[in-house]
Structure formats: C-alpha cells, structure tokens
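Since the structure comes first, as structure tokens, the remarks are kept for the end.
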C-alpha cells in the first residue's frame, strides 16, 4: 500500500491541501549565506495518522490518474527477433525469460533481456512444449510437453542440458496449468490434477479449461460448460458443487494480489471481477471481443491495477481494474502470449518478443 509522503512523482501543497505532479513544484531559492540546516526526518503518514481521510483518497485518485495518462501515451517498445515460432514463455529472475520454440532438439532457451544472451536446453524427449510454469520468479521452471496420447511434466533450472521428468498423464487434451506451494496444477481433459510427489485428481462432467490456485489446498477451475468450481483437495477426488455458473466456457482465470478477487474471462465477450469470499460478481469490463479463442492472451500489469487482453479481433485492450474503464486499445496481431514483467509488458508473437515499458 502506498501512503502519503511515498507517492512517486507527486508532492503535497500545504496551502491548497492537495497533491500535484512534482514537475509543477516551484524551486525554493535561498539567498542567505548561512549554512543550510539539517533536513528534518521525514515521518511516514499512514491512514491511521491522517486527520482528514479525504486527503488520502485524493492522493490515491491522483496517483491512478497519472498511471492512466501514462498508459494512454505511446509506450516505449524494444523488439527481440531471431526466434523460431514461439509456443510458450515464462518470466524468470534477473531480467531473464524462458522461451519455448518449435526448433527441434533445442525447444527451450533462457534469454537475457539486457545482453540478449541465450542458453539452450538440448533434449529430444517426444512432444511439443505447450506451457512453461514459472516457480516463484526463480530459474526453476516447469515444462509441459504434449505428445501423442500423453501429457508430460518436466522441470529444469537451466544448469543441466536436459529436462527432469516428473510425471506422465495418459491424455493429450491439455488446457491450463499453475504452480502453488511446491505443487503443479494441470487442467487436462475433464480432470483437475495436482502433482507434488504423487498425482491427485478430480474428474468433472465437462472439460477443465482454466484454473488458478487459491491456497495450498484450494483450487478454482473453470469448465467448458460454464461452471466455476472451487475444489478442496482435503476432500479427496470427489467433485464438489459449482460456486457460480455462466452462459459460456470459462476460458481464463487470474487471481489478483488482494487474494479474494479473480478476473474471469468467458467466451461470451465477458470480463468479470469475482469475489470468491463473498461468492458474487463485483464488476464487469466492457469492450472485449472473444467467442472462439480458448487460450486468449491475458495478463495484469502495474501491481494488478490494470488488465491487458488481446481479443479475437487482434486488438489489445487495457482496462483499469479500479474503475472498470477502458484505458487504451491498439492493433496487435500474431500474439501468442503476454505477461507482466517488472510492471512492464512482455508480448510474445509468432517469431519475436516485444518488451513494452510504460
């Protein structure tokens, strides 16, 4: 949480009792020749210490208005080329990312965004890489490879020259994955799977298309028939009743940092905010177009304050999750994957990567 006295780019005017951009602050000219006094120790003002709470709200509003203006401007874009067709990507530590391509025997590489140095994993296990699972912003990643009639889970830290096999599921109908508290979560066909040292799974009547971890024992998953289920792994492999239902497939789920709110995308142009604690929808975002793309490029940026989605009309749109307002839209074709990276946006296209900074 950002408090008064800590908002970047703003200063407090004691006369007008408002925050203003720091660029408008007039410099203080001191014509005296005496030694300047020691600067007073700055005291952090928290909401509990503010006598007038409306000042804090005004500061937060101005801060988000400044972010809105930044997102409406033309961003800085850096392009990285010379990739084979990209199938998946994941953010790693120290300005590096993992990229999966269609190149035979070297499908996986670690790429440095500053030096553009590449480190390859040379391996020949069957199948193509469908997903890379980042593990706590470390160099360790999970790798999901789909082969004929099977889905295989591997891991690597890029120190070795091969992938470490973890598990094989005899079904190639893979949809989504996540990682939470040392456990891999996989949505494959009509099953929700949790893999740690052993595999646990629960079977539903419809395809499990999307998932997101809530706690180490609870997983939220969206089904092709539009049902939303919250599964408690302590209940074993027994499917539990749905917590919410929609008209179309729940194709994307994203948990926000406040812990209780999820962004839900359905294949009916709907983008919704859902409070799992209250079990109700809190807001909707208008303007998305998607009725056919199952794995829609989808991410949040700037501390989960904004949602970026690429629709089936190849338009990338940005919404404020605070006001539900559509902030920006621009044409963006051939996008396979987008992700937040250090409050910037990482866009993977067919054979290149774009790094957008705001």
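Numbering (my numbering), first residue to last: -14 to 343. No residue lacks a Cβ here, since even glycine has one placed at the ideal position from N, Cα and C.
* Expected contact under 8 Å - CB spacing of residue 114 and residue 93 to nearest Å -> 7 Å
* Have a look at residue 75 and residue 118 and give me their C-alpha separation to the nearest angstrom. => 6 Å
* To do: Since I believe residue 339 is in contact with residue 62 (beta carbons under 8 Å), could you give me their beta-carbon distance rounded to a whole number of angstroms?
  => 6 Å
* To do: State the DSSP-derived secondary structure class of residue 81, mapped to helix, strand or coil.
  => strand
* Asked: Do residue 284 and residue 278 have their C-beta atoms closer together than 8 Å?
  -> no
* **Short Cβ contact (8 Å threshold) for residue 172 with residue 196** => yes
* Asked: Which of the three DSSP states, helix, strand or coil, is assigned to residue 53?
  -> helix
* **Contacting residues, own chain, Cβ-Cβ under 7 Å from residue 166 (five flanking each side not counted)** => 201
* To do: Express the C-alpha separation of residue 148 and residue 120 in angstroms, rounding to a whole number.
  => 15 Å
* According to the Cβ coordinates, are residue 160 and residue 187 closer than 8 Å? -> no
* **Whole-Å CB distance - residue 136 paired with residue 154, under 8 Å assumed** => 5 Å
* **Helix, strand or coil at residue 219 according to DSSP, with G and I counted as helix** => helix
* Asked: Over what stretch of residues does the beta strand (DSSP E) that includes residue 171 continue unbroken?
  -> 168 to 173
* Tell me whether residue 334 is buried or exposed, calling it buried when 16 or more other Cβ atoms sit within 10 Å of its Cβ. => buried
* Identify the continuous beta strand (DSSP E) that holds residue 197 and give its terminal residues. => 193 to 198
* Can you tell me the Cα-Cα spacing of residue 72 and residue 221, whole angstroms? -> 34 Å
* Over the uninterrupted beta strand (DSSP E) stretch that includes residue 238, give me the two end residues. => 235 to 240
* Start-to-end residues for the beta strand (DSSP E) that takes in residue 152 -> 149 to 154
* **Closest Cα partner of residue 64 within the set 204, 99, 86 and 207** => 99
* Cβ separation of residue 275 and residue 301, assumed to be a contact under 8 Å, to the nearest whole Å -> Their Cβ separation, rounded to whole angstroms, is 12 Å, which puts residue 275 and residue 301 out of contact at 8 Å.
* Asked: beta strand (DSSP E) containing residue 338: first to last residue?
  -> 338 to 342
* Could you have a look at residue 254 and say whether DSSP puts it in helix, strand or coil? => coil
* Asked: If we ignore side chains and look at the alpha-carbon of each, how far apart do residue 81 and residue 95 end up?
  -> 7 Å
* Put residue 31 into one of helix, strand or coil per three-state DSSP. => For residue 31, the predicted model reports a pLDDT of 48, less than 50, meaning its position is unreliable; a value from the coordinates is still stated below. Coil at residue 31, not helix or strand.
* Quick one: give me the first and last residue of the beta strand (DSSP E) that residue 164 is part of. => 159 to 165
* To do: Please go through the same chain and pick out, in chain order, the residues whose beta-carbon is closer than 6 Å to the beta-carbon of residue 168, but skip the five residues on each side of it.
  => 179 and 181
* Asked: For the putative contact between residue 268 and residue 314, defined by C-beta atoms under 8 Å, what is the C-beta separation to the nearest angstrom?
  -> With 8 Å as the limit, residue 268 and residue 314 do not qualify as a contact, their Cβ atoms being about 19 Å apart.
* **Boundaries of the beta strand (DSSP E) in which residue 302 is found, first to last residue** => 300 to 305
* State buried or exposed for residue 264, treating a residue as buried only when at least 16 other CB atoms are found within 10 Å of its CB. => exposed
* **Limits of the unbroken beta strand (DSSP E) element including residue 136** => 135 to 141
* Considering only the beta carbon of each residue, do residue 343 and residue 60 sit closer than 8 Å? -> yes
* To do: Go ahead and pull the three-state DSSP assignment for residue 287.
  => coil
* **For residue 203, the three-state DSSP class (helix, strand or coil)** => strand
* Asked: Between which two residues does the beta strand (DSSP E) carrying residue 71 extend?
  -> 71 to 76
* Pair within 8 Å by beta-carbon distance, residue 229 and residue 259 -> yes
* **Identity of the residues DSSP links to residue 178 by a beta bridge** => 171 and 186
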